[in-house]
Amino acid sequence: MRIMRLWLGVTWIYAGWDKATDSGFLTKGSTSFIGTQLSAYSTQSPLGTTVFNKLVEHSVQVGLFVMISEFAIGLATLLWVAPTLAAFGGFAMSVGLWLVSSFHAKPYFLASDTAYAVLWLSYFLLILGKRRRADVSINRRGIVRVGIVGALAIGAVSLGKLFSPSSNAQATGSASGDPQNKVKKLSELPVGSTANFALASGEPAILFRTKTGVFAYSAICTHEGCTVGYSATNKVLACPCHGAEFDPFDSAKVISGPTQRALTSIKVAIDGDWIVLA
Ligand code: FES
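For the sequence shown, counting from 1, position 81 maps to 71 in this note's numbering; every step adds exactly one.
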């Protein structure tokens, strides 16, 4: 039980920290923006587009709620504050993430959300023990401790902003020709070659130049977010984590693997001597 508590607590805090230090997570127009992610999930989730439209409409609030909840659940678990409630919260959150993002993962065991849901549920039942009833009564001291954990969670979100690698990062897509938008010198990318680059948000991306022009994709795998790489031998973008492959010469559509979504396209153009974000 201690191992589960340690693992779940640390992982949930890390998940919150990962989002809090991502300057694009709450920035509209960024490729890692929570609203963009939710829109992408809408086509493959059983929750339906009506639910997703509502979530996208309030995506900044949803993003903040997710971050604060992750910190609060992780901290409460590690510090043994309202442990039953925290365990149930972790379980509910894992089921929610499964329904939102990884419901159609194939084979199912590649989706970590289901594994976390089972882990949280087991942990929750271990806390209940033989009581078979959740004790949610809380005394005054308990309320104070819950309040402290809540304040720590909000503080951790604010702290994450300070550690964001580019907290002033702007969303991509402003006018071409702006020096900020230069990606690479045209002369440094011969026809038939590729280059890795990073967006203002820090997100890795891959640039291609062919006889017909230039194009680029986010290098973040649409399965669970590993970084894909280009295999010149097979002419595919391949993910090292669970083997997804994407065709860069056909809109980065999925060739094989546990995801159904193409990589996110990034608009680039040739502007004089430069390749720029368009
Ligand atoms: S992260 Fe699973 S295939 Fe890419």
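Heads up, the beta-carbon is just placed ideally off N, CA and C, and yes, glycines get one too.
Next on the checklist: Mapping the DSSP letters down to three states, classify W70 as helix, strand or coil.
Outcome noted: coil
Checklist entry - Do you know how far the Cα of F61 is from the Cα of S157? => result Caution is warranted here: a pLDDT of 42 is assigned to S157, below 50, making its placement in the model unreliable, and the coordinate value is therefore given only provisionally. Straight-line Cα distance between these residues: approximately 20 Å.
Checklist entry - How far does the beta strand (DSSP E) with V204 in it reach, from first residue to last? => result 203 to 208
Next on the checklist: Between A275 and the ligand FES, is there a pair consisting of the residue's CB and a ligand heavy atom that are separated by less than 7 Å?
Outcome noted: The displayed coordinates of the chain run from -9 to 268. Any statement about residue 275 would go beyond what the structure contains.
Item to check | DSSP three-state assignment for T249, whether helix, strand or coil | outcome: Correct three-state label for T249: coil.
Checklist entry - Roughly how many angstroms separate the alpha carbons of A5 and M57, rounded to a whole number? => result 8 Å
Next on the checklist: The beta strand (DSSP E) that contains V266, what's its start and end?
Outcome noted: 264 to 267
Next on the checklist: Let me confirm a value: G25 is counted as buried when at least 16 other C-beta atoms fall within 10 Å, else exposed. Which label applies?
Outcome noted: buried
Checklist entry - Taking the continuous beta strand (DSSP E) assigned at V258, which residues delimit it? => result 258 to 261
Next on the checklist: On the DSSP letters alone, give me the boundaries of the beta strand (DSSP E) that L116 sits inside.
Outcome noted: Looking at the DSSP string, L116 is not in any beta strand (DSSP E); the run it does join, the alpha helix (DSSP H), is 102 to 118.
Next on the checklist: Using C-beta distances below 6 Å, list every residue in its chain close to L45, excluding the 5 sequence neighbours before and after it, in chain order.
Outcome noted: L28, V52
Checklist entry - Relative to the alpha-carbon of W2, which residue among Y106, I133, R131 has its alpha-carbon at the smallest distance? => result Comparing alpha carbon positions, the residue from Y106, I133, R131 closest to W2 is Y106.
Checklist entry - Based on the DSSP secondary-structure assignment, which residues constitute the bridge partners of S148? => result Note: S148 sits in no beta bridge, so no partner.
Next on the checklist: I want to know whether the region 214 to 224 touches the region 169 to 181 - three or more CB-CB distances under 8 Å.
Outcome noted: no
Item to check | Same chain only: Cβ atoms within 6 Å of G203, ignoring 5 sequence neighbours per side | outcome: none
Item to check | Other residues of its chain near W110: CB distance less than 7 Å, five sequence neighbours each side excluded | outcome: For W110, same chain residues with a beta-carbon under 7 Å away, outside a window of 5 residues either side, are L(-2), A77, G80, F81, S84 in chain order.
Next on the checklist: On the criterion of 16 or more Cβ atoms from any shown chain inside 10 Å, does G167 qualify as buried, or is it exposed?
Outcome noted: At G167 the pLDDT is 44, less than 50, meaning the model places this residue with poor confidence and gives no usable figure here.
Item to check | Start and end residues, beta strand (DSSP E) containing T1 | outcome: Careful: T1 lies outside any beta strand (DSSP E), inside the alpha helix (DSSP H) at -8 to 10.
Checklist entry - Buried or exposed: L(-4), going by 16 or more other Cβ atoms within 10 Å of its Cβ? => result exposed
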